[in-house]
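Numbering (my numbering), first residue to last: -14 to 267.
What follows is a short report on a single structure.
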C-alpha cells in the first residue's frame, strides 16, 4: 500500500496522495451512501437531517485531522452531490443561499461544506495560541516558521509578515485562511488588541518588545481597560515597565489611533478572545 492508516486517517508520502486517499475516498463513499439512501427518505427535511447526523461528522473529522489544501472543485462537486440528494434529483424548490441560512433566520441550516472546512482551520488557529501544554504539531510548525512562536505571525499583515522558505504547507494554509477571514473576525482591522508585542516588533523592528514581555505584558490587550488605553504611569505601576519603554509605548499609541473600535463596540471579538485563551472557538 502507498499509505498507512492511523486513527482513521490514511497517511501517505505526499500531500497529493493524502488528498487522494482521504478526501477523494470519502467523497466517493458519501456519493455511494447518498445513492443508496435515495428511496429511504421522503421529505427534504429528513434528507438534510440524515446527512448531518451520519455523514457530516465524518467530513468534520477529516477537516480537523488532515488539514491540507483542498481544490475548489472538490467542495463544489460535493456540495452539488448533497444538494441533489436533498431534492431527490429534482429541481430545487428553494434557493441554496436561503436554505443555508440558520433556522432562526428563516433557513434550514443546510450544511455549507466550505464554511465547515474554514471553521475547522480557524479553530486550529486558536489552538496554535495555546501557551500551556501546546500540541506537538505547534512546536514542529513553530520550528519551521517563527522560532518565537508561530502564533505571532497571525497578527502581522501579510505584506509585512516574514515568510521563511522552509515554512510548512499547513502553516501557509492556516495563515491564508486567517488572512481571508480576518476582516470578519476582528473588531479593529489589521491591528487587533489580541496582537502580541512580538508581532509589533515584526511590523516595526525598532519596537522594543523585550521591555514589555519580560515584565509580563505580552499583548496589546494588556494595555487596555475595557476599550480605553491605559496611561503609561498606570502601566508602569502594574507591570514595573522601565522608563525607557515610554518610546515604545508612544509607538503603540500612534499605531492604535487608526484602529480604535467604534463607540459602543467590544474592544475584541469573541474569536480574538478565544485566541488569547488558546482554546478552540465554537
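Don't be surprised by glycine CBs; every beta carbon is placed ideally from N, CA and C.
Because the structure is a prediction, the values reported are computed rather than measured.
| Check | Outcome |
| --- | --- |
| The segment 16 to 28 touching the segment -11 to 2, judged by at least three CB pairs closer than 8 Å | no |
| Terminal residues of the beta strand (DSSP E) in which residue 139 lies | It is not in any beta strand (DSSP E) - residue 139 carries neither H nor E in the DSSP assignment. |
| Minimum C-alpha distance to residue 177 - residue among 258, 32, 79, 89 | 258 |
| Opposing strand residues paired with residue -6 [DSSP bridges] | -9 |
| DSSP bridge partner residues for residue 204 (one or two, in chain order) | 181 |
| Range of the contiguous alpha helix (DSSP H) that encloses residue 236 | 231 to 241 |
| Touching by the beta-carbon criterion (3+ pairs, under 8 Å), the segment 58 to 65 and the segment 158 to 166 | no |
| Collapsed DSSP secondary structure at residue 288 in the structure displayed | Past the edges of the chain, shown from -14 to 267, lies residue 288, and the structure says nothing about it. |
| Among 31, 254, 148, 6, the one whose alpha carbon lies nearest that of residue 211 | 254 |
| Supposed contact pair residue 140 and residue 108 - C-beta distance, whole angstroms, cut 8 Å | Not really, about 18 Å apart at Cβ, beyond 8 Å. |
| DSSP-derived helix/strand/coil call for residue 262 | helix |
| Rounded straight-line distance, which links the Cα of residue 158 to that of residue 54 | 7 Å |
| C-alpha gap between residue 204 and residue 252, whole angstroms | 13 Å |
| CB-CB length for residue 101 against residue 44, believed under 8 Å | 7 Å |
| Among 98, 171, 133, 229, nearest to residue 42 - alpha-carbon criterion | 98 |
| Beta-carbon spacing of residue 106, residue 126 below 9 Å | no |
| Residue interval of the alpha helix (DSSP H) (run including residue 98) | 98 to 112 |
| Exposure of residue 30, with buried meaning 16 or more beta-carbon neighbours within 10 Å | exposed |
| Closer than 8 Å: residue 140 CB and nearest the ligand GDP heavy atom | Annotation note on the ligand GDP: not contained in the displayed structure, which lists no ligands. |
| Extent of the continuous alpha helix (DSSP H) to which residue 212 belongs | Taken as a continuous stretch (DSSP letters only), residue 212 belongs to no alpha helix (DSSP H), as it is neither H nor E. |
| From 213, 111, 261, 227, residue whose alpha carbon lies closest to that of residue 242 | 213 |
| Given residue 137 as reference, the closest of 112, 118, 121 once Cα atoms are compared | 112 |
| Among 6, 34, 233, 70, the one whose alpha carbon lies nearest that of residue 18 | 70 |
| Buried or exposed (CB count within 10 angstroms, at least 16 for buried), residue 75 | exposed |
| Nearest residue (CA-CA) to residue 260, options 148, 151, 116 | 116 |
| As assigned by DSSP and simplified to three states, the class of residue 53 | coil |
| Alpha-carbon spacing of residue 84 relative to residue 231, whole angstroms | 54 Å |
| Contact belief for residue 227 with residue 196 at Cβ below 8 Å, rounded distance in angstroms | 6 Å |
| Residue 156 burial status per 10 Å Cβ neighbour count (16 or more: buried) | buried |
| Cut-off 6 Å between Cβ atoms - residues of its own chain near residue 40, not counting five sequence neighbours on either side | 15 |
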